[in-house]
Every structure is written in C-alpha cells, then in structure tokens.
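Chains as they are written, first to last, in our numbering: chain A, 1 to 297; chain B, 1001 to 1328.
Ideal placement from N, C-alpha and C gives every residue a C-beta, glycine not left out.
Since the structure comes first, as structure tokens, the remarks are kept for the end.
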Amino acid sequence: MTDATVNEARFRLFLDRVRRSTLPRRLYKHRLFMTGLILFAIVLAMAFLAPLIAPHAPNQNNFRYRLGEPNATHWLGTDNFGRDVLSRVIYGSQVSLRIGFLVVVMNAVFGTLIGASAGYFRRLDNPIMRVMDGLMAFPAILLAIALAATLGPSEFNAVLALTVAYAPRTARIVRASVLVVREMDYVQAALASGAGHIRILFRHVLVNSMAPLLVQLTFIFAVAVLAEAVLSFIGVGPPPPTPTWGNIISEGRNYIREAPWISLFPGIAIAFTVLGLNLLGDGLRDVLDPRMKVETR
Amino acid sequence: MTAPAPFIEVDNLVKHFPIRKGFFSSSEAGTVRAVDGISFTVARGETLGLVGESGCGKSTTGRLMLRLIDPTSGALRYDGTDLARVSPKQMRERRRELQIIFQDPFSSLNPRMTVESIICEPLVIHGIGNSASRRARAHELLDVVGLARSYANRYPHEFSGGQRQRIGIARALALRPQFIVCDEPVSALDVSIQAQVINLMQDLQKEFGLTYLFISHNLAVIRHIADRVAVMYLGKIVELTDKHSLYADPKHPYTQALLSAIPIANPDRKRQRVVLTGDVPSPINPPSGCHFHTRCPYAEARCKAIEPPLSDVGGGHQVACHLVQPSA
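Spelled out as structure tokens, the structure:
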C-alpha cells in the first residue's frame, strides 16, 4: 500500500468519526451553521493573511490617483489620499476582529465572574444584578459611545467601553443557567460529600452552564464588530489613519457622491462578518439547546 | 436490658422557609412550615422508613439530617454530637460519615464527569489516597454495586436509570459512611429494576453495617426494607413504630387511610376503605391543633384546639392523636 492510500484511509476514518460523534456531526449537518463558519473563516483568513494578500500597503498615499475608480491595479478603487481601498479593508479586518475577539474574551471573563457570583451566592444576587440592571437601562451602543468618548479614542478604550456595555447581558445569561444548575442533585451530592464552594462552582456548576454562554459570545462578537464600526465612524474608536472598517466608512462619507466605493466595501465586509457570526451563533444555539432564545440588543 | 444511647437522635427539629415580600424590604410575608418539630431516633444498623404524601416534609427532613439545609431550631445528634451546632469546618469533616442517594438518577450525576471521577470525587475532596488507589477503589465499588469495571471511563448519559442509580450508590459508599439518607431512591425506576436496587441496598447494609433513613411514598417498598416506620403529615410525625405493628395495627386515622389505599391483588377480598376528602392544607398556614383535623373522619372539638403530642401507647408504638388511648 502506498503512503497516499494509507493517508486517505486515515482521513476517511477521521471523517467517519466526525460524522458519527453527535455534536460535531450535528453541527456539520446544520447548513446555516456551516455557512456561517465558512463566512467567518474567510474573514479570519483575510485578517491573518493580510500582509500576503493585500496588493498595497494600507497607508501608502498616492496623490496622483485620488478617489480613483475600481480598476485592475486598485480592485476596489482608492480614497481621497489615493490609498488602496481593498488593502485598507483587508488590514481593517485585523483591527475589527482583534477588537471583537478581545471584547468576547473580556465578556467571557467578567460576564462569567459576575453572573456566577450572582447566581451561586444568593446574598450577592440582588446587589449585583441591580447594578447590572442599571447598566442595562442604557442602550448598549449609547453607553459604549459615552464611555469611549470619555476615555478617549484608542483601541484599548473601545474594547473597555464595549465590555462595560455588553458584560451585563452576558452576566445575566450566565446567572440564569447557574441558577438552574446549582439546584441539580449532583451539586447537592458534592455538598453532601463536603466539597467547598470553589470546587462546586468550577467542577459542577460552570462546566454545565457553558452552552448558553458560548452562543451568547458569538453574538457578542458580531455586535462588537458592528459597534467598533460605529465608534470609529463617529470618531471615538481607534484614531485614523489606522485602517478600521468604521474609519474607512467615516473617511469616505465626504466623498460618497464622487467615490461611493470607499464606504461601500468596508460596509459589505461588516455585513459579511456579522452575518457569518450570527449564522454561527444560531446554529450553535439550535444544536446546543433548541429551547434557548438569545437577545443581543 | 439497658437502652443504649441512640446512634442518631433528632430532637424537635424545625425548618421554616421564609417567604419574602418584596425586593427592597426584608420583611417576611409568611413562612412555609416544611418541618414543624419532629423527634425520633435511629439505632445503628437499622432502616427507618419515612412515608408521607408529596410536600409533607419528607425530603426536607432528609436534607436537614445531612445539614444540606440548616435547621431553624432543634438538635441533630450523631453519636452524641449535635451537628446542628458544629462549625462548618467540623461539619465538612463529619460529612464522611453521612451520605445521600437521590431520587432522580438523571440529575444526580454530573453529565461532564466520567463514572470514575464521579465515584472518586468524595475521596478527592477529603484527600484520601492517590490517583492510583482511588482508581482501585472506584473499580472495587463498581464491583460492589454490580457494574462492570470497564464502565469507569464512560459518561452518565450512556447508562440506564437503574445503572445510574447504582453509580449514585457507589459514590455514596466511597467514603465508607455509616449513615445514608435514601431520598426516594427507587421511585423513578421501573418495578423490576426497583427490586434489584432495593435488594442491592439491603445487601450493602448487611455487608457494611449501614444505617438508612429510607424516604418513600411507596408503602410496599417501605414494608420490604424498613425496620421501623415514621409517618409524616404536614411537617409532623403522626405515627412511629416498628413496621409489623404499623402494617398490622395502624393507630392514627391518617395511617389507616394511607394503608387502606394500598391495592390488594385479590379481587374477592373485602376490605374497608378509609377515603379522605379534600386536599392537604397549605404548610404556609397549617390548621390549628392537630394538623389532620380538617380531614379526619373522627375529629372532635379538642382536635381543633389542642395539638396532640407524639406519645407512646404501648410497646414503643408512638402516635400523635387524642383519640388513641394507651393500651398498656
């Protein structure tokens, strides 16, 4: 037998295992989930491979070719400084995804910490959740704008502002599932064996409360990408000339009649990413817990 | 014969759950009197059956005895130590001796842990042995409860209800406890599986000298496994005696009604049915005097006014009823 056939047989075995094991198989069979996964994978690849696939440097000016129409050298045209829009959109994905990812991580950490404390320790529930209610009383995007404007425009401050705006929603979801899981008999059994709170929280409660959080985080990712664009657009995100999708749209706004492509293509990129993440989240929700309905706004 | 000090002595144990009125006020709108002053003893190696209908406080009693919930008042003496008053640290240490088996075999096992880690968890918590010796102990316990050792690395969802219940029993045995609260351990199982699990529990009792508090609403199961039986109604014990005199000669009207509800597999046998009317009153606002007087066919004026104490009517047969006279 040749190496190629051995490898092919192995690969088939692997595929077979993936198809038979229930969770990956159900995700694999979920068409919308797979569509979302592919869309998101494309955006992710774009961000990682930016230096390889971008035809020009993102901040390279070319005053001889300002507001140029899309053509063979500049596939998506150029902006008012003659910068290549395609390259800027490709590099912009790095910033957008980085902010989205950091917001997701911060949400996972703080949302879990706050939600688990509120759900598990009954005495903390009321004080914590009333503060969270207070934060949730503001529309999230307004709160994020206000915070980002106060803190000053930078990538880190955008992440911070978005975390404060969305962590209360994550906390509420974690709290809800912790409240259910903490009443399970296996938690009582661990208590009866003398387990401490930390052990119960991490070994029993949190591991069984993760499904709704996972779904929520994919939506948070989408919302964060969108919100980053909003913050950049009104000038409280990462400052120009950093290519972010919001910055590119914002800069193209003044030339929307002469050069609509400047704002159009980053807008499409945002829509593409958010669509992919939402499909991903919907698919995860269908597979992990069909009864669950998640509100992201 | 000198009476030895009882292994477990429950003395006037009370658990009231407060009902809170609003978000901001801490005032109470009322209390649920789940367990309202119960006293009994359990001897070493015996099985005390606890019967009663839904919501009468059976499970709360079981959880109180393990201090999974803290009692409102009353004492809980194991070997002379009042567990209602020990520090949390001491309590954690004492938990090695006390275990619980649950009703629902589906929610009693953590779905993310393997059978081995479920069974070993109590050992890990108390820092007993190393991972090799714990694994050996898990295998030993799987043998004891009649499961194959090869199941050790599987997850709970791969098992049937009866098998899961055996895993729960193995977990309860891991620390070599002396006392196990069995909270309706077979009521979620098929009848044929019920018999297997009960026989297993009896064998284990003989082998390890276990003491059981066996909670059930199934009188036939109680009759099979218990040595003595306590009948609960609305947070109180109304009758407590050995199982032979309970089933042969029930004194309390409530017990009589319960026993007459057991179907007999003989259509020709005539029997007297005592049928109760109405529902169980709410434990938030229980009736005055004897809690049972609202449904009792023999109730008199004094039943409404005075609460009957649980008293011995001869031969250790304790009844809480004004109408039952001591026979001795």
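Ordered along the chain, which non-local residues of its own chain (more than five positions away) have a Cβ less than 6 angstroms from that of residue 1047 (chain B)? Locating residue 1047 (chain B) in the second sequence gives position 47, where the first residue counts as 1. Counting only residues of its own chain and dropping the five nearest sequence neighbours on each side, residue 1047 (chain B) has a CB closer than 6 angstroms to the CB of 1212, 1214, 1225, 1226 and 1227.
Counting only runs that start and end within the region 1226-1284 of chain B, where is the alpha helix (DSSP H) found for 4 or more residues in a row? Here the runs fully enclosed are 1243-1248 and 1253-1260.
Residues that residue 1125 (chain B) contacts on chain A, provided the C-beta gap is smaller than 9 angstroms: For this step, residue 1125 (chain B) is matched to residue 125 along the second sequence. What residue 1125 (chain B) touches in chain A: 190, 193, 194, 195, 196 and 199.
Going by CA-CA distance only, name the one from B:1012, B:1123 and B:1059 that's closest to residue 1183 (chain B). Taking the first residue of the second sequence as 1, we reach residue 1183 (chain B) at position 183. Taking only the C-alpha atoms, the option nearest residue 1183 (chain B) is B:1059.
Distance CB(residue 262 (chain A))-CB(residue 85 (chain A)) smaller than 8 angstroms: Stepping through the first sequence from its first residue, residue 262 (chain A) is reached at position 262. Stepping through the first sequence from its first residue, residue 85 (chain A) is reached at position 85. Taking 8 angstroms as the Cβ cut-off, residue 262 (chain A) and residue 85 (chain A) qualify as a contacting pair.
Report the residue from A:270, A:196 and A:140 whose alpha carbon sits nearest the alpha carbon of residue 226 (chain A). On the first sequence, position 226 is the one that residue 226 (chain A) refers to. When A:270, A:196 and A:140 are compared, the shortest CA-CA separation from residue 226 (chain A) is found for A:270.
Thinking C-alpha only, which one of A:92, A:30, A:69 and A:257 is nearest residue 49 (chain A)? Counted from its first residue, the first sequence places residue 49 (chain A) at position 49. Nearest option by C-alpha distance: A:92.
Closest residue to residue 1229 (chain B) among B:1273, B:1244 and B:1267 (Cα-Cα distance): On the second sequence, position 229 is the one that residue 1229 (chain B) refers to. Per the Cα distances, B:1244.
How would you label residue 1273 (chain B), buried or exposed, when you count the other beta carbons within 10 angstroms and need 16 or more for buried? As a first step, residue 1273 (chain B) is located in the second sequence; it is residue number 273 there, counting from the start. Burial call: exposed.
With distances taken between CB atoms, is the gap from residue 229 (chain A) to residue 249 (chain A) smaller than 8 angstroms? In the first sequence, residue 229 (chain A) corresponds to position 229, counting from 1. In the first sequence, residue 249 (chain A) corresponds to position 249, counting from 1. Contact flag set, yes.
CB of residue 181 (chain A) within 8 angstroms of CB of residue 208 (chain A), strictly: The residue labelled residue 181 (chain A) in the question sits at position 181 within the first sequence. The residue labelled residue 208 (chain A) in the question sits at position 208 within the first sequence. The answer is yes: Cβ separation under 8 angstroms.
Report yes or no: is there a C-beta of chain B within less than 8 angstroms of the C-beta of residue 204 (chain A)? Locating residue 204 (chain A) in the first sequence gives position 204, where the first residue counts as 1. Chain B places a beta carbon closer than 8 angstroms to that of residue 204 (chain A), counting this residue as a contact.
Express the C-alpha separation of residue 101 (chain A) and residue 28 (chain A) in angstroms, rounding to a whole number. The count along the first sequence starts at 1 and reaches residue 28 (chain A) at position 28. The count along the first sequence starts at 1 and reaches residue 101 (chain A) at position 101. Approximately 24 angstroms between the Cα atoms of the pair.
Compare the beta carbon distance of residue 1180 (chain B) and residue 1188 (chain B) with 8 angstroms and say whether it is the shorter of the two. Looking up residue 1180 (chain B) in the second sequence gives position 180. Looking up residue 1188 (chain B) in the second sequence gives position 188. Judged by beta-carbon spacing, residue 1188 (chain B) lies beyond the 8 angstroms limit of residue 1180 (chain B), meaning their Cβ atoms are not closer than that value.
To the nearest angstrom, how far is the alpha carbon of residue 110 (chain A) from that of residue 151 (chain A)? In the first sequence, the residue the question calls residue 110 (chain A) occupies position 110. In the first sequence, the residue the question calls residue 151 (chain A) occupies position 151. Each residue's Cα considered, the two are about 20 angstroms apart.
Is there a C-beta anywhere in chain A that falls below 8 angstroms from the one on residue 1046 (chain B)? Indexing the second sequence from 1 puts residue 1046 (chain B) at position 46. No, because no Cβ of chain A sits closer than 8 angstroms to the Cβ of residue 1046 (chain B).
Under 8 angstroms between the Cβ atoms of residue 1095 (chain B) and residue 1086 (chain B)? What you label residue 1095 (chain B) is simply residue 95 of the second sequence in a count that begins at 1. What you label residue 1086 (chain B) is simply residue 86 of the second sequence in a count that begins at 1. No, the Cβ-Cβ distance between residue 1095 (chain B) and residue 1086 (chain B) is not below 8 angstroms.
Flag residue 1207 (chain B) as yes if its beta-carbon sits less than 8 angstroms from any beta-carbon of chain A, otherwise no. Within the second sequence, the letter at position 207 stands for residue 1207 (chain B). False, the Cβ-Cβ gap to chain A never drops below 8 angstroms.
Can you name the start and end residues of the alpha helix (DSSP H) that residue 1133 (chain B) belongs to? Looking up residue 1133 (chain B) in the second sequence gives position 133. Looking at the DSSP string, the run of the alpha helix (DSSP H) that includes residue 1133 (chain B) is 1131-1144.
At a Cβ threshold of 8 angstroms, is residue 1099 (chain B) touching chain A? In the second sequence, the residue the question calls residue 1099 (chain B) occupies position 99. The Cβ of residue 1099 (chain B) sits closer than 8 angstroms to at least one Cβ of chain A.
Cβ-based neighbour list, residue 79 (chain A), same chain, cut-off 8 angstroms, excluding 5 preceding and 5 following: Residue numbering aside, residue 79 (chain A) sits at position 79 when the first sequence is read from its first letter. Shown here for residue 79 (chain A): same chain residues with a beta carbon closer than 8 angstroms to its own, the five before and five after excluded, namely 66, 67, 85, 88, 248, 251, 252, 255, 259 and 262 in chain order.
Starting from residue 258 (chain A), trace the beta strand (DSSP E) in both directions and tell me its first and last residue. Along the first sequence, read from residue 1 onward, the residue named residue 258 (chain A) stands at position 258. Here residue 258 (chain A) belongs to no beta strand (DSSP E), and DSSP marks it neither H nor E.
Spatial distance of residue 188 (chain A) from residue 114 (chain A) (CA atoms): Walking along the first sequence from the start, residue 188 (chain A) turns up at place 188. Walking along the first sequence from the start, residue 114 (chain A) turns up at place 114. Using only the alpha carbons, I get a separation of about 23 angstroms.
Is any beta-carbon of chain B found at less than 8 angstroms from that of residue 84 (chain A)? Taking the first sequence and counting its residues from 1, one reaches residue 84 (chain A) at position 84. No, residue 84 (chain A) lies away from the interface with chain B (no Cβ there is under 8 angstroms from its Cβ).
Quick one: give me the first and last residue of the alpha helix (DSSP H) that residue 149 (chain A) is part of. For the purposes of this step, residue 149 (chain A) is taken as residue 149 along the first sequence, with counting starting at 1. Residue 149 (chain A) -> alpha helix (DSSP H) spans 140-151.
Buried versus exposed call for residue 183 (chain A) [16 or more other C-beta atoms within 10 Å across all chains shown]: Here residue 183 (chain A) is taken as the residue at index 183 of the first sequence, counted from 1. Its Cβ having fewer than 16 others within 10 Å, residue 183 (chain A) is exposed.
Secondary structure at residue 282 (chain A), three-state DSSP: helix, strand or coil? Taking the first sequence and counting its residues from 1, one reaches residue 282 (chain A) at position 282. DSSP places residue 282 (chain A) in helix when its eight states are reduced to three.
How about residue 34 (chain A): is its C-beta nearer than 8 angstroms to some C-beta of chain B? One-based indexing of the first sequence puts residue 34 (chain A) at position 34. With respect to chain B, the C-beta atom of residue 34 (chain A) has no partner C-beta closer than 8 angstroms.
Which residue spans inside the region 1141-1213 of chain B form an unbroken beta strand (DSSP E) run of at least 3? 1179-1183, all fully within the region 1141-1213 of chain B.
Taking only the alpha-carbon atoms, compute the straight-line gap between residue 1160 (chain B) and residue 1207 (chain B) and give it to the nearest angstrom. The residue you call residue 1160 (chain B) lines up with position 160 of the second sequence. The residue you call residue 1207 (chain B) lines up with position 207 of the second sequence. Roughly 26 angstroms between the two C-alpha positions.
Would residue 1102 (chain B) pass as an interface residue toward chain A - the criterion being a Cβ-Cβ separation below 8 angstroms? Here residue 1102 (chain B) refers to the residue found at position 102 of the second sequence. It does; some Cβ of chain A falls within 8 angstroms.
So which residues of chain B does residue 185 (chain A) contact, with C-beta pairs closer than 7 angstroms? Against the first sequence, residue 185 (chain A) aligns to sequence position 185. Close partners of residue 185 (chain A) in chain B (Cβ separation under 7 angstroms): 1102, 1104, 1107 and 1108.
Per-residue burial, residue 71 (chain A) [other beta carbons within 10 Å of its own, 16 or more giving buried]: Locating residue 71 (chain A) in the first sequence gives position 71, where the first residue counts as 1. Flag for residue 71 (chain A) reads exposed.
Relative to the C-alpha of residue 1099 (chain B), which candidate in B:1071, B:1261, B:1174 and B:1283 has its C-alpha closest? Position 99 of the second sequence, counting from 1, holds the residue named residue 1099 (chain B). That would be B:1174, whose Cα lies nearest to the Cα of residue 1099 (chain B).
Does the CB of residue 1204 (chain B) have a neighbour CB from chain A at under 8 angstroms? The count along the second sequence starts at 1 and reaches residue 1204 (chain B) at position 204. No, because no Cβ of chain A sits closer than 8 angstroms to the Cβ of residue 1204 (chain B).
Could you tell me the distance, in whole angstroms, from the CA atom of residue 1261 (chain B) to the CA atom of residue 123 (chain A)? Along the second sequence, one-based indexing puts residue 1261 (chain B) at 261. Along the first sequence, one-based indexing puts residue 123 (chain A) at 123. Taking the CA atoms as reference points, residue 1261 (chain B) sits about 45 angstroms from residue 123 (chain A).
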